[in-house]
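So for the sequence shown, this note's numbering puts the first residue at 23; every next one is plus one.
Virtual Cβ for every residue (Gly too), placed ideally from N, Cα, C.
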Amino acid sequence: MKKLLLYLFAAATLVSCTARKTSDKERLSVSILPLRHIVEAITDKDFDITVLVPSGAGPETFEPTIRQYSELSDSRLIFSTGLIAFEQRLLSKFGDAESQEGKIINLSRGIDLLEGSCTHHGEQSHAPHGIDPHIWTSPRALKVMAHNTYAAIHRQYPDSARYTANHERLQQRLTALDSLVADQIDRSGVRHFVIYHPAMTYYARDYGIEQVAIEHEGKELSAKRMATLIQWARNNDIRCVMYQSQYPRSAVETLTRDIHAEAVEIDPLKEDFIANIEHITRIITGL
23 MKKLLLYLFA
33 AATLVSCTAR
43 KTSDKERLSV
53 SILPLRHIVE
63 AITDKDFDIT
73 VLVPSGAGPE
83 TFEPTIRQYS
93 ELSDSRLIFS
103 TGLIAFEQRL
113 LSKFGDAESQ
123 EGKIINLSRG
133 IDLLEGSCTH
143 HGEQSHAPHG
153 IDPHIWTSPR
163 ALKVMAHNTY
173 AAIHRQYPDS
183 ARYTANHERL
193 QQRLTALDSL
203 VADQIDRSGV
213 RHFVIYHPAM
223 TYYARDYGIE
233 QVAIEHEGKE
243 LSAKRMATLI
253 QWARNNDIRC
263 VMYQSQYPRS
273 AVETLTRDIH
283 AEAVEIDPLK
293 EDFIANIEHI
303 TRIITGL
């Protein structure tokens, strides 16, 4: 029995030491998955990166855990869009914004923001101050976000030529993505797309295409507005209606059934935003 206890103690000590070794990396935190992709593209695997809203979850239902509060406190930098309501609530609880100057990084700085109500199920959960928060869905906005990320990291680590080179490569990839999206939309001749929740507002603005949303201010369309949308969709030969994975397919079934269109699931919160935007562009353009 004594030998068994010694063995268990040694095993526990080994696990503890391994955990401490893993946590030797400095910690960075991001609010949503796409932001981790930006940070990792610039810093490689140099940091432990905490994502507050996990894969499959929606910002509108997010509640931080005690562990996440601790990880925020331990983080060297905290990256957010600066636009999602849960970010505002969380960071106000986390500490006085003025005392955290230089630590909390608002990646929306420099982006021409759009007005928009982005509520969920009647709860004003996504867009404080009437600003549409979905900046990460547009390659052009992502270029600004990448620059803001790099600028914050460079202030902390000014001697890292590798981070500078990584940022330049990321900007090149985003420029290529911008060109690809613009070219495909131009070649397709598509002028509008239909989506359940209006998550592609910046994408639509930046590429001169109209986003038509079924949901408005967290509510389903009225019967009259739905009838108008059905007639519009028929007149414009709409064959595809997108809905986010955070919502049920049934949210678009009335429209797709009446116009004989296909319901296609997307997830704007996927971490690899380059592959995701390419995928969504293929859905919109049919190319």
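C-alpha gap between residue i and residue j, whole angstroms
| i | j | result |
| --- | --- | --- |
| Pro76 | Glu239 | 24 Å |
| Lys125 | Gln110 | 15 Å |
| Tyr179 | Asn188 | 14 Å |
| Arg256 | Ile281 | 6 Å |
| Thr72 | Leu243 | 37 Å |
| Thr35 | Asp70 | Model confidence at Thr35 stands at a pLDDT of 38, short of 50, so the residue's coordinates are unreliable; what they give is reported in the following sentence. Using only the alpha carbons, I get a separation of about 22 Å. |
| Ile127 | Tyr229 | 27 Å |
| Tyr185 | Gly104 | 23 Å |
| Thr278 | Gln194 | 38 Å |
| Leu251 | His214 | 13 Å |
| Glu313 | Asp154 | Because the chain here runs from 23 to 309, residue 313 falls outside it and cannot be looked at. |
Distance cut-off 7 Å: residue i Cβ against heavy atoms of the ligand COA
| i | result |
| --- | --- |
| Gly152 | Of ligands this structure carries none, so the ligand COA is not represented either. |
Three-way DSSP call (helix, strand, coil) for residue i in this model
| i | result |
| --- | --- |
| His169 | helix |
| Leu291 | coil |
| Lys246 | helix |
| Thr72 | strand |
| His156 | coil |
| Ile126 | strand |
| Glu85 | coil |
| Arg256 | helix |
| Leu164 | helix |
| Ala221 | coil |
| Leu251 | helix |
| Asp208 | helix |
| Ile175 | helix |
| Asp56 | Residue 56 is actually Pro in this sequence, not Asp. The answer is helix: DSSP assigns Pro56 an H, G or I state. |
| Ser182 | coil |
| Arg312 | The structure shown has nothing for residue 312, since the chain only spans 23 to 309. |
| Ile296 | helix |
| Ser77 | coil |
| Ile306 | helix |
| Leu192 | helix |
| Leu202 | helix |
| Leu105 | coil |
| Asp66 | coil |
Per DSSP, cross-strand counterpart(s) of residue i
| i | result |
| --- | --- |
| Leu99 | Leu50 |
| Phe215 | Gln233 |
| Glu137 | Ile153 |
| His238 | Lys241 |
Inter-residue CB distance, residue i and residue j (contact presumed, cutoff 8 Å)
| i | j | result |
| --- | --- | --- |
| Ser51 | Ser97 | 4 Å |
| Thr171 | Val61 | 6 Å |
| Met222 | Gln233 | 5 Å |
| Val216 | Ile288 | Actually they do not touch by this definition, with Cβ atoms about 12 Å apart. |
| Ile64 | Leu192 | 6 Å |
| Ala285 | Tyr265 | 6 Å |
| Phe108 | Leu129 | At roughly 15 Å, the Cβ-Cβ gap does not stay under 8 Å, so Phe108 and Leu129 are not in contact. |
Only counting runs of 4 or more residues, tell me where the alpha helix (DSSP H) segments fall wholly within the stretch 259-288, in order along the chain. 272-281
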